[in-house]
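A.B. asks: Just so we're aligned, residue 1010 is where the first sequence starts under this note's numbering, counting upward by one.
Yeah, the Cβ is synthetic: ideal placement off N, Cα and C, and Gly gets one too.
There's a structure below that I have some questions on.
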Amino acid sequence: MPELPEVEVVRRGLADHVLGRTVTAVEVAHPRAVRRHVAGGADFAARLAGRTITAARRRGKYLWLDLDGDDTAVLAHLGMSGQMLVADPGKPDEVHLRVRLRFADDGPELRFVDQRTFGGLSLHPLAGPDRLPAPVAHIARDPMDPAFNLDAAVAGIWRRRTGLKRALLDQTVLSGIGNIYADEALWRARLHGERPTERLTRAQGRAVLTAAAEVMEAALAAGGTSFDALYVNVNGNSGYFDRSLDAYGQADRPCRRCGTPIRREAFMNRSSFSCPRCQPRPRPPRP
DNA sequence: ACTAGAACCTGGCCGC
DNA sequence: TGCGGCCAGGTTCTAG
């Protein structure tokens, strides 16, 4: 699933392949893909045509392309299954092609492909000192942001009165972390996801966030190896990093540190993976 | 104001 | 072989 490293791989691919190019025609094949563009698909297509892409930017799992002229950007969120593919115009359409952008140079087109349609594209003015699209305004900085402040993020976790994993997944505390990298960061920091945030020490808070930053950097390095000239990699899996996962998806396999079988627990209609020995459950709160 | 949980969506997989 | 049900999960919305 696309979390920060996967989205950054896509951003880099877009920077390589669509920067400086002018959009000529936009085809919206599925209205749900542009549902966050409130003026509708026709407006989206009309307003995007003729614009030149001047930058590819990202915060957390949000990605956007700055356009020339007024301060406007095409915002993209990949959801769970979204892909940005750079493809030759003659290539047959993907089954789940949702939006197509053709360019003035008749070169490779940009295709937004999304099986589960949780993702989408929309146009927004850029606002504020950081020139952000409105839907990104409430998203906290991510660990790869040069202005990311580790201690501020630890303070944000403390402010959330909940379990540690829930806080890690809260994109207003820090962004970019999803279920996979949350489990990996918790495993590296030897902390259970249900540990109450108010009982987290500063050192533990720093440890889990440092681990999150490190594991996402490592995943980015691995994911960066997997796309070639015409393919912007968003395969929905974790690039080539899935073979390096220590906790996520490793149920019943031995913990790489201690050999204890990794456990799987239900968490928010999904799963959490952890080592029962390295990451003991927190003691129940005293009444 | 803040937190928890449901809803959204499709295809692969499993058991019967 | 076919079918029902479960599972994956990021974000937004709603309920409490």
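For the beta strand (DSSP E) containing Ile1062, name the first residue and the last one.
C.D. replies: Ile1062 to Arg1068
A.B. asks: How long is the line joining the alpha carbons of Arg1211 and Ala1054, rounded to whole angstroms?
C.D. replies: 49 Å
A.B. asks: In whole angstroms, what is the alpha-carbon distance linking Val1037 and Gly1050?
C.D. replies: 6 Å
A.B. asks: Between the region 1140-1157 and the region 1116-1123, do three or more beta carbon pairs fall short of 8 Å?
C.D. replies: no
A.B. asks: Which residue wins for smallest C-alpha separation from Leu1254, given the options Met1277, Glu1274, Glu1223 and Arg1279?
C.D. replies: Glu1223
A.B. asks: Classify Asp1052 as helix, strand or coil using the three-state DSSP reduction.
C.D. replies: helix
A.B. asks: Taking just the CA atoms, how far does Arg1265 sit from Lys1100?
C.D. replies: 43 Å
A.B. asks: Once you ignore the five residues that flank Val1108 on each side, which residues in its own chain have a CB closer than 6 Å to its CB?
C.D. replies: Within the same chain, Val1108 has close Cβ partners Val1037, Ala1042, Phe1121 and Leu1130.
A.B. asks: Would Thr1234 be called buried (16 or more neighbouring beta carbons within 10 Å of its own) or exposed?
C.D. replies: Legend: pLDDT at Thr1234 = 43, less than 50; position of this residue unreliable, no value from coordinates given.
A.B. asks: Determine, using beta-carbon pairs with one atom in the region 1159-1178 and one in the region 1128-1148, whether at least three such pairs fall under 8 Å.
C.D. replies: no
A.B. asks: Just the Cα atoms here: how many angstroms apart are Ala1162 and Val1182?
C.D. replies: Cα to Cα, the separation comes out at about 6 Å.
A.B. asks: Cβ atoms of Ala1082 and His1133: under 8 Å apart, would you say?
C.D. replies: yes
A.B. asks: Output yes or no for whether 8 Å exceeds the beta carbon distance between Ala1191 and Gly1202.
C.D. replies: yes
A.B. asks: Mapping DSSP to helix, strand and coil, what is Tyr1071?
C.D. replies: strand
A.B. asks: Helix, strand or coil for Val1108? Go by DSSP, reduced to three states.
C.D. replies: Three-state result, Val1108: strand.
A.B. asks: Closest to Leu1106 by C-alpha separation, out of Ala1113, Glu1118, Phe1112 and Asp1114, would be which residue?
C.D. replies: Glu1118
A.B. asks: Is Arg1030 closer than 8 Å to Thr1061 when the C-beta atoms are compared?
C.D. replies: Yes, Cβ-Cβ distance for Thr1061 and Arg1030 is below 8 Å.
A.B. asks: Determine the burial state of Thr1206: buried for a count of at least 16 other Cβ atoms within 10 Å of its Cβ, exposed for fewer.
C.D. replies: buried
A.B. asks: How long is the line joining the alpha carbons of Leu1141 and Val1018, rounded to whole angstroms?
C.D. replies: One C-alpha to the other measures close to 20 Å.
A.B. asks: DSSP on Ala1149, reduced to helix/strand/coil?
C.D. replies: coil
A.B. asks: By Cβ distance, which residues of its chain are closer than 7 Å to Thr1306, with the 5 residues on each side in sequence left out?
C.D. replies: Past the boundaries of the shown model lies residue 1306; the chain is included only from 1010 to 1296, so the question cannot be answered.
A.B. asks: Tell me where the beta strand (DSSP E) around Gly1129 begins and ends.
C.D. replies: Bounds of the beta strand (DSSP E) holding Gly1129 are Gly1129 to Ala1136.
A.B. asks: Taking all protein chains shown into account, do 16 or more other C-beta atoms lie within 10 angstroms of the C-beta of Phe1276, making it buried, or fewer, making it exposed?
C.D. replies: Classification for Phe1276: buried.
A.B. asks: The alpha helix (DSSP H) spanning Thr1219 covers which residue range?
C.D. replies: Arg1211 to Gly1232
A.B. asks: From Ala1096 to Asn1278, what distance separates their C-alpha atoms?
C.D. replies: 36 Å
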